[in-house]
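Quick note, the sequences are listed as chains A and B, same order.
Position 129, counted from 1, in the first sequence is what my numbering calls 129; the numbers after and before it change by one each time, with no gaps.
Position 76, counted from 1, in the second sequence is what my numbering calls 1076; the numbers after and before it change by one each time, with no gaps.
Even for Gly, the Cβ is constructed at its ideal location relative to N, Cα and C.
Small disclaimer: the values here were computed from a predicted structure and weren't measured.
First up is the structure itself, then whatever we jot down about it.
Number of protein chains: 2
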Amino acid sequence: MLNILTNDGKSRRGEITSSHGRFQTPAFMPVGTSGAVKALTSEDLEQCGAEIILGNTYHLYLRPGAELIKKLGGLAKFAGWNKPTITDSGGFQVFSLKEISKVTDDGVEFKSHFDGSTHFFTPEKAIQIQHDIKADIIMQLDECVPYPTEESAASSAVKRTYQWGKRCLEEHRRQSAESNAKVSIFGIVQGSVYSNLRRQSAEHIVSLGFDGNAIGGLSVGESKNEMEEMLALTIELLPKNKPRYLMGVGYPEDILMAVSYGIDMFDCVLPTRNARTGNVFTSAGPLVYRNAEFAGDERPLDPGCDCKVCQRYSRAYLRHLYNQSEITAMVLSSYHSTFFYQKLMKDIRQSIVEKRFDSFRKVFLNKYEQGEN
Amino acid sequence: MLNILTNDGKSRRGEITSSHGRFQTPAFMPVGTSGAVKALTSEDLEQCGAEIILGNTYHLYLRPGAELIKKLGGLAKFAGWNKPTITDSGGFQVFSLKEISKVTDDGVEFKSHFDGSTHFFTPEKAIQIQHDIKADIIMQLDECVPYPTEESAASSAVKRTYQWGKRCLEEHRRQSAESNAKVSIFGIVQGSVYSNLRRQSAEHIVSLGFDGNAIGGLSVGESKNEMEEMLALTIELLPKNKPRYLMGVGYPEDILMAVSYGIDMFDCVLPTRNARTGNVFTSAGPLVYRNAEFAGDERPLDPGCDCKVCQRYSRAYLRHLYNQSEITAMVLSSYHSTFFYQKLMKDIRQSIVEKRFDSFRKVFLNKYEQGEN
């Protein structure tokens, strides 16, 4: 599914093919938790340059239900998004409901945050749901541990993730044979910040022969150094000819770091979540546009940005709308930050093609970290 | 400022010129209370076909303040809307804050709904604020009475509206001479549901020679028959060569009725306010798209609609997003209903040009009132 077009050091510029078409890598996948990226339309996402969006299995399973999405033709059709989609396995959300979830070797029991009803995800169930949702790429059920975690607990999660990975693959093959759908499945490497566990987990997951491999359990509270160290050692153990996906990451500086090691795919709620709290990403660093200092500022959010929001609206207007709790503020700021992330990925890809990724990274970060807004 | 292009019975198809360009009449003006039509962008409004938007003086005066809007170039520039704008006088909002407003011959005192601070709108102040906001069309301060109102109170409001109208015009001339801005000012006919008072108020207002004339105090709780009766007798007293604006109206059937008497301009929050509560306008009548019956409905909101929302999304998707409180539901439904209203006005204008307004009205209402969704 992955066609690597060119390399620059360890970073790679590729293209991934799915049954809903291709997307370019390294790719940033906006998160459409319940089937929509918050405050944006599918048309907005296209305009911003997004080529694949992520849906959260946990949310979609509870509302509107995987059965309904299946009946309506799958997530892409349901969301008016005629491009690739990916779903997580639901594990990350379920495990973050610490107080109301219970894990055993057979799976994880949890209560709905909507109505308190009890549900049980086995590895097989997580795969069945994702096949019903008809994403192009689905993820194995993994056990996510919080940070920090004792080595023994992290080790047991690694083992469970391995066992669940096998069962997920088996169920995936059964589902695929039944439906004839061309769906790809990715495994997930866990291991918290323990090098030996990361190595063990990578060996486990790679041995199962997934279509792609993800690194989970990072950007959950560990230091940036720890994250980089774990990423660096894990990625070396993942096959080069398959997609490598760093889950839940993140900030522009983290993405640039991870691309330098050869990561192909990212997802994160940051651009839109921050926008909704009055905080956008710009080429000169984060801008808290809700602040009083911008009340009379006629400049766009990012004077260097080509997005339609920056062509048309001032910080003063955005700040005013935000302070009036106008939905339009959420729409415009989410659009800008989504565009900013897609533009970053486009620039990264171009710099790899032109064998100047390192210098692009330096120049970008210099402005991003030193810039004045 | 009004160029009447053609008539069909009493209904008229015209064009109004302002310093931000022309707009076609009969026109429906979306309401951008705080400088944005809720959940929509200026680009959305353009796409829907809106040519003029209305800002609420009361809201803009309190936040972000008329001074700031003036400094930033006026409402159109502030909102990234390069087309005509109109402001109300603030009177309607202030009078609806019954408990916290106090009216005297000199003006109206009220408390901000934001912070309880006390403010005083004199006729002069209402005009100064609107000149600061730099709308293309501004409104006189009028006294709005609720429905029902004793004849004596309605009569005293008519007299006050007349006195205030004179003072507004005088201040408007002073402001216009000072700034050299080409701003139009409209007077407002009051009189509740009392024919004699409506006649008296119309004579008052017309005698002052405003650039356009509005009918206020309708669609505030009276019956549809009362509204039509008051409109019919009032409009006959208004000059034909000037714009005639029916304030705060309304439903598609009310707009069609009023156009048949020769009204040129309308404004109302209905399309977007209803959309945000799960209720859109369609050619087959209102559709409560949040209802459970649409959970699996693959049809667009309005199968007969050409808007980009109806080209792409199902009722099932919209209903799901609404139930998840997704901002995207507000965006898509507000867009559709705004498009629907603009399309209605476009069809009305075309039917007048083709001298078939009456039959258009009948056909439209037949489907709208009998249609099945």
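Among the options, the one whose alpha carbon lies nearest that of residue i
i	options	result
G1296 (chain B)	A:N291, A:P64 and A:F210	A:P64
P303 (chain A)	A:N56, A:T149 and A:N373	A:N373
F1339 (chain B)	B:N1003, B:S1011, B:P1030 and B:R1022	B:P1030
E170 (chain A)	A:K308, A:Q140 and A:S219	A:Q140
Y1251 (chain B)	B:L1344, B:A1177, B:Y1147 and B:Y1261	B:L1344
R1273 (chain B)	B:I1205, B:V1094, B:V1331 and B:E1293	B:V1331
S333 (chain A)	B:A1154, B:S1018 and B:I1327	B:I1327
D136 (chain A)	A:E51, A:E43, A:H119 and A:C144	A:E51
I1185 (chain B)	B:Y1194, B:Q1175 and B:G1191	B:Q1175
G1248 (chain B)	B:C1268, B:I1348, B:V1259 and B:V1363	B:C1268
D306 (chain A)	A:K355, A:L287 and A:Y341	A:Y341
E1151 (chain B)	B:C1144, B:R1167 and B:L1197	B:L1197
Q1190 (chain B)	B:P1146, B:Y1289 and B:S1337	B:P1146
L1365 (chain B)	B:S1325, B:S1283 and B:D1347	B:S1283
Chain A contact for residue i (CB, 8 angstroms cutoff)
i	result
I1374 (chain B)	A question about residue 1374 (chain B) goes unanswered here, because the residues of chain B that appear run from 1001 up to 1373.
Y1261 (chain B)	no
L1141 (chain B)	no
G1021 (chain B)	no
R1312 (chain B)	yes
A1258 (chain B)	no
S962 (chain B)	Absent from the model: residue 962 (chain B). The displayed extent of chain B is 1001 to 1373, so no value can be given.
G1285 (chain B)	no
Y1289 (chain B)	no
Closer than 8 angstroms to chain B by CB, residue i
i	result
F78 (chain A)	yes
S333 (chain A)	no
A39 (chain A)	yes
Y194 (chain A)	no
Y317 (chain A)	yes
L68 (chain A)	yes
Beta-carbon neighbours of residue i, restricted to chain B and to distances below 8 angstroms
i	result
Y83 (chain A)	According to the sequence as given, residue 83 (chain A) is Lys; it is not Tyr. Those do not exist, as K83 (chain A) stays about 13 angstroms from chain B at its closest Cβ, beyond 8 angstroms.
Within chain A, the residues that residue i reaches when beta carbons sit closer than 8 angstroms
i	result
V1269 (chain B)	Correct list: empty, because the minimum Cβ distance to chain A is about 14 angstroms.
S1034 (chain B)	H320, L321, Q324 and E326
Under 9 angstroms by beta carbon: chain B residues contacting residue i
i	result
Y58 (chain A)	Result: empty, since nearest Cβ-Cβ is about 13 angstroms, beyond 9 angstroms.
N323 (chain A)	R1063 and P1064
Partner residues on chain B for residue i, Cβ-Cβ distance less than 7 angstroms
i	result
M71 (chain A)	Correcting the residue identity first, residue 71 (chain A) is Lys in this sequence and not Met. Going along chain B in sequence order, the residues near K71 (chain A) (Cβ under 7 angstroms) are G1296.
K308 (chain A)	E1043
Where residue i meets chain A, residues with beta-carbon distance less than 7 angstroms
i	result
M1330 (chain B)	I327
Under 9 angstroms by beta carbon: chain A residues contacting residue i
i	result
T1087 (chain B)	Under the 9 angstroms cutoff, chain A gives no residues; its nearest Cβ is about 16 angstroms from T1087 (chain B).
For residue i, the first and last residue of its enclosing beta strand (DSSP E)
i	result
T1149 (chain B)	Segment: none, T1149 (chain B) is in no beta strand (DSSP E) and carries neither H nor E.
C1307 (chain B)	Segment: none, C1307 (chain B) is in no beta strand (DSSP E) and carries neither H nor E.
F266 (chain A)	M265 to C268
P1252 (chain B)	Here P1252 (chain B) belongs to no beta strand (DSSP E); instead the alpha helix (DSSP H) covers P1252 to Y1261.
Y15 (chain A)	The sequence as given places Glu at residue 15 (chain A); Tyr does not occur at that position. Counting along the chain, the beta strand (DSSP E) containing E15 (chain A) begins and ends at S11 to S18.
G27 (chain A)	The sequence shown places Ala at residue 27 (chain A), rather than the Gly named in the question. Counting along the chain, the beta strand (DSSP E) containing A27 (chain A) begins and ends at A27 to P30.
Y245 (chain A)	R244 to L246
E43 (chain A)	E43 (chain A) -> not in any beta strand (DSSP E); alpha helix (DSSP H) instead, spanning S42 to C48.
N1007 (chain B)	L1002 to D1008
Run of the alpha helix (DSSP H) containing residue i, from where it starts to where it stops
i	result
H1119 (chain B)	First-last for H1119 (chain B): T1118 to F1121, but that is the beta strand (DSSP E), not the alpha helix (DSSP H).
H1370 (chain B)	One point to set straight first is that residue 1370 (chain B) is Gln, not His, in the sequence displayed. From DSSP, the alpha helix (DSSP H) with Q1370 (chain B) extends over F1357 to Q1370.
F1095 (chain B)	G1091 to S1096
V1206 (chain B)	S1195 to L1208
T1334 (chain B)	Note that residue 1334 (chain B) is Ser in the sequence shown here, rather than Thr. I1327 to V1353 is the span of the alpha helix (DSSP H), which, as asked, contains S1334 (chain B).
L1287 (chain B)	Per DSSP, L1287 (chain B) belongs to no alpha helix (DSSP H) and is neither H nor E.
K1102 (chain B)	Here K1102 (chain B) belongs to no alpha helix (DSSP H); instead the beta strand (DSSP E) covers S1101 to T1104.
Distance cut-off 7 angstroms: residue i Cβ against heavy atoms of the ligand ZN
i	result
G1217 (chain B)	The ligand ZN is not among the ligands present in this structure, which contains no ligands whatsoever.
Chain C within 8 angstroms of residue i, Cβ atoms only
i	result
S1283 (chain B)	Reference to chain C is not applicable here, since the protein chains of this structure are A and B.
- Message: Check whether the region 1206-1219 of chain B and the region 1274-1283 of chain B touch, using three or more Cβ-Cβ pairs below 8 angstroms as the test.
- Response: In short, these stretches do not touch, since the Cβ pair count stays below three.
- Query: If you pair each beta-carbon of the region 1082-1099 of chain B with each one of the region 1124-1134 of chain B, do three or more pairs fall below 8 angstroms?
  - Reply: Result yes; three or more Cβ-Cβ pairs closer than 8 angstroms.
- Message: Does the contact criterion of 3 or more C-beta pairs under 8 angstroms hold for the region 233-245 of chain A versus the region 109-118 of chain A?
- Response: Taking a contact to require three or more Cβ pairs closer than 8 angstroms, the region 233-245 of chain A and the region 109-118 of chain A do not qualify as touching.
- Query: Quick check: the region 1151-1165 of chain B against the region 1193-1202 of chain B, are there 3 or more CB pairs under 8 angstroms?
  - Reply: At 8 angstroms Cβ cutoff, the stretches touch.
- Query: Any contact of the region 18-36 of chain A with the region 48-65 of chain A, i.e. 3+ C-beta pairs under 8 angstroms?
  - Reply: The answer is yes - the region 48-65 of chain A touches the region 18-36 of chain A, with three or more Cβ pairs under 8 angstroms.
- Three or more C-beta pairs closer than 8 angstroms, one from the region 1309-1322 of chain B and one from the region 1013-1028 of chain B: is that the case here? Counting Cβ pairs under 8 angstroms, fewer than three are found: no touch.
- Query: Counting pairs of Cβ atoms below 8 angstroms between the region 1349-1367 of chain B and the region 1003-1011 of chain B, do you hit three or more?
  - Reply: With the rule of 3 Cβ pairs closer than 8 angstroms, the region 1349-1367 of chain B counts as touching the region 1003-1011 of chain B.
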